[in-house]
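Protein chains in written order, with my numbering: chain B, 1 to 131; chain Z, 1 to 131.
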DNA sequence: CTAAACCTTCCCTTTATGGTAAGGTCAATG
DNA sequence: CATTGACCTTACCATAAAGGGAAGGTTTAG
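Structure (structure tokens):
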């Protein structure tokens with residue numbers, strides 16, 4: 001099948017299919033005489049794996065490794081687990097950072113009357129009185 | 001003072017000082033005959049405001065508006081509040097997304113024995129059995 | 001044969017933060 | 001005076017992920 005069909009079946013934009021190929025995440029597709037990429041049902045399978053990994057926030061770099069491990073039947077699960085654990089740590093760190101911002105912002109917004117008057121605790125805080 | 005000093009005082013990389021200028025977040029600095037940018041204590045103040053805003057995760061676009069409102073003494077606090085509220089919504093949405101990823105990932109990792117054996121619930125999940 | 005639908009590669013855009021290169025300026029020191 | 005080192009300038013490149021759009025070749029249906 002052509003790239004358009006594999007793209008539809010895997011629900012991955014064809015632009016991204018080409019990109020995954022250029023990044024080495026999926027193997028280089030065979031070509032017709034005219035240069036059109038050709039795909040099989042198995043490629044749909046791989047692309048869905050990639051898509052699901054992206055939905056879980058894995059980086060392209062991690063996904064490349066995950067696909068490789070997935071294909072390698074003699075892998076050890078500890079390798080996979082360590083990639084996932086590292087990713088969890090990064091996500092947790094990001095959540096903590098954003099949550100800290102939210103705590104501050106929610107506090108500021110609660111104290112801002114939000115009317116036509118110019119005085120504003122939000123700007124006051126940004127103004128770094130505390131430094 | 002030169003860009004190096006204002007950069008140190010505001011704790012903003014001089015690269016970023018130039019960038020903020022090019023984005024119109026801070027006014028264009030005056031120049032010496034040799035072309036060196038010149039800054040005053042007030043510029044330190046503005047840069048600290050920008051830095052604090054970045055720490056709270058505001059986008060450059062938002063910060064441009066916030067600085068403008070901050071300087072405009074006839075602003076109404078409702079304008080500031082609406083920028084902050086929109087930002088809170090975006091951050092909250094991001095936290096929810098990441099938290100959903102974390103829930104899934106934590107579950108998967110808990111069920112993966114993580115040893116030398118090849119069978120791995122993490123890869124099984126990514127494999128989209130459920131679709 | 002032509003027009004639509006599909007494919008190709010290449011460059012551009014976004015967001016924020018920098019690295020690096022190539023070169024001009026300034027101040028201190030020998 | 002000349003050199004050296006610290007500082008400044010602009011300009012281009014890189015990151016990460018997902019595409020938009022151009023310019024052009026191919027295929028298929030009418």
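Here a beta-carbon is modelled for each residue, glycine too, at the ideal position from N, C-alpha and C.
Residues of its chain near residue i, where Cβ-Cβ distance is below 6 Å and the 5 sequence neighbours each way are ignored
i: residue 62(B); result: 83
i: residue 43(Z); result: 6
i: residue 1(B); result: 39
CB-CB length for residue i against residue j, believed under 8 Å
i: residue 111(Z); j: residue 121(Z); result: 5 Å
i: residue 80(Z); j: residue 123(B); result: 6 Å
i: residue 28(Z); j: residue 21(Z); result: 6 Å
i: residue 100(Z); j: residue 48(Z); result: With 8 Å as the limit, residue 100(Z) and residue 48(Z) do not qualify as a contact, their Cβ atoms being about 36 Å apart.
Among the options, the one whose alpha carbon lies nearest that of residue i
i: residue 26(Z); options: 108(Z), 103(Z) and 65(Z); result: 65(Z)
i: residue 78(Z); options: 109(B), 77(B), 115(B) and 37(B); result: 115(B)
i: residue 30(B); options: 60(B), 3(B) and 11(B); result: 3(B)
i: residue 7(Z); options: 24(Z), 35(Z), 50(Z) and 103(Z); result: 50(Z)
i: residue 126(B); options: 55(Z), 12(Z) and 75(Z); result: 55(Z)
i: residue 89(B); options: 74(Z), 109(Z) and 94(Z); result: 109(Z)
i: residue 37(Z); options: 18(Z), 57(Z) and 100(Z); result: 18(Z)
i: residue 45(Z); options: 34(Z), 23(Z) and 71(Z); result: 71(Z)
i: residue 12(B); options: 102(B), 73(B) and 53(B); result: 53(B)
Own chain, CB closer than 8 Å to residue i, minus 5 neighbours either side, in chain order
i: residue 131(B); result: For residue 131(B), the predicted model reports a pLDDT of 43, less than 50, meaning its position is unreliable; a value from the coordinates is still stated below. Hits under 8 Å: none found.
i: residue 91(Z); result: 57
i: residue 24(B); result: 64
Own chain partners of residue i with C-beta closer than 7 Å, once the 5 adjacent residues on each side are dropped
i: residue 40(Z); result: none
i: residue 67(Z); result: 25, 46, 49 and 50
i: residue 60(B); result: 23 and 25
i: residue 73(Z); result: none
Any alpha helix (DSSP H) of 4 or more consecutive residues that is wholly inside the stretch 43-82 of chain B:
60-71
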